[in-house]
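Under full-length UniProt numbering, the first residue of the sequence shown is numbered 1, with each subsequent residue one higher.
Yeah, the Cβ is synthetic: ideal placement off N, Cα and C, and Gly gets one too.
Predicted, not measured: the structure shown is a model, and the values here were computed from it.
This report refers to the structure that appears directly beneath it.
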Amino acid sequence: MNGLTRVEIAPREPVSAEVVRRLLDYLLLSGEIQPGQRIPSERQLVETLGVGRAVVREAIKALGFLGLLEIRQGAGTYFRGTEPGIFSRILEWGIALGEQRTVDLIHARGHLEVLVAGLAAQNRTDDDVRALHELLDAMRTASIEEPHRFAEADVGFHLRIAQASGNSVLANMLERIRALVFAWIGHNIAASKTTSVAYAEHPPILDAIERRDVDAARAAMEKHMRGATERLLSRLDAGALTQSAKQ
């Protein structure tokens, strides 16, 4: 661990994004850390990456959120290992996206959501409807002090719609961006101090799916995605969106 080579960071890139990428390289490609092993201390990573401790901590939290690291209180941080293909998926959908790719991802997600909402209205089962009602209730009862509980139910609602669509390819694509979307929703709910606006956009979606009204489901989802996209992009100008994906 003490012999780690110092990594020079290109100044033209956002430091935190570059740190995440370099830490990923180290964990997944160097072969120095095996699944179940403790990673270097924050102090060692600060020296290795040439950045501040807060930036290193941020990168560790991001990779912990994705399931690559396990943060044990008082015992250090451990490498969990990966499932096949996770590195390519992280790079593809990236927690370290540049600003334009972040915008592209937000819009791509919106188009996918509208598509699967229409398919869900066609193909949903009674079990799907019951599950969606339960998730909507969980969103409604989540307090503003629990943004991650709201976000969990919100993301679960959208993933259940994707499953109800009957198209496993589309469902898998939305699952790939789940971690990013979860982080964004939780951070934005916490920042806005309210869940009411986001919640109000969901019942019309479920109502249309339950009635098997394809056009209404697509329209309701499009309205929701337009509002959600505006809220997300309003934070992107200050860099808060990219930041939230790494927390």
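Per-residue burial, residue i [other beta carbons within 10 Å of its own, 16 or more giving buried]
| i | result |
| --- | --- |
| Gln163 | buried |
| Thr195 | buried |
| Thr141 | exposed |
| Pro35 | exposed |
| Ala217 | buried |
| Gly118 | buried |
| Val56 | buried |
| Val114 | buried |
| Thr77 | buried |
Residue nearest to residue i in terms of C-alpha spacing, selected from the options
| i | options | result |
| --- | --- | --- |
| residue 252 | Thr125, Gly74 and Ala108 | This structure gives no information on residue 252, because the portion of the chain shown stretches from 1 to 247. |
| residue 264 | Gln34, Gly50, Arg109 and Arg226 | Because the chain here runs from 1 to 247, residue 264 falls outside it and cannot be looked at. |
| Asn167 | Met139, Ala217, Leu135 and Leu112 | Leu112 |
| His224 | Gly64, Ile106 and Leu45 | Ile106 |
| Arg226 | Leu174, Leu206, Glu201 and Asp213 | Glu201 |
| Ile161 | Ala138, Ala151 and Thr125 | Thr125 |
| Ala131 | Gln122, Val116, Val114 and His158 | His158 |
| Leu206 | Asp137, Phe79 and Val129 | Val129 |
| Ile33 | Arg231, Phe79 and Met139 | Phe79 |
| Val214 | Ala153, Gln122 and Val169 | Gln122 |
Separation of residue j from residue i, as counted between CA atoms
| i | j | result |
| --- | --- | --- |
| Arg149 | His133 | 16 Å |
| Glu47 | Ala171 | 41 Å |
| Met221 | Lys61 | 31 Å |
| Lys246 | Val155 | Bear in mind that a pLDDT of 41 at Lys246, under 50, signals an unreliable position, so the number given afterwards is only what the model happens to contain. Straight-line Cα distance between these residues: approximately 17 Å. |
| Ala120 | Glu146 | 29 Å |
| Gly50 | Gln37 | 23 Å |
| Thr229 | Val197 | 13 Å |
| Ala54 | Glu210 | 47 Å |
| Val7 | Gly52 | For Val7, the pLDDT reaches just 44, beneath the cut-off of 50, and the residue's location in the model is therefore unreliable, although a value from the coordinates is still provided. Computed Cα separation, rounded: 13 Å. |
| Val116 | Ala208 | 13 Å |
| Ala138 | Ala151 | 10 Å |
| Ala219 | Arg212 | 13 Å |
| Arg72 | Pro204 | 42 Å |
| Leu233 | Glu175 | 21 Å |
| Pro40 | Glu58 | 15 Å |
| Ser165 | Asp104 | 23 Å |
| Asp127 | Leu135 | 12 Å |
| Ala68 | Val169 | Sequence inspection shows Leu at residue 68; the Ala mentioned does not correspond to that position. Cα to Cα, Leu68 sits roughly 24 Å from Val169. |
| Leu45 | Leu23 | 9 Å |
| Gly64 | Tyr199 | 28 Å |
| Arg231 | Met173 | 22 Å |
| Glu70 | Ala153 | 23 Å |
Counterpart residues of residue i in DSSP-defined beta bridges
| i | result |
| --- | --- |
| Arg38 | Tyr78 |
| Ile71 | Thr77 |
Residue i CB to nearest heavy atom of the ligand NAP below 7 Å
| i | result |
| --- | --- |
| Arg53 | Ligands in the displayed structure: none, and consequently the ligand NAP is not present. |
Sequence ranges, alpha helix (DSSP H) only - wholly within the stretch 121-155, length at least 4:
Restricted to the stretch 121-155, the alpha helix (DSSP H) segments that are unbroken, complete and at least 4 residues in length are 126-141, listed in chain order.
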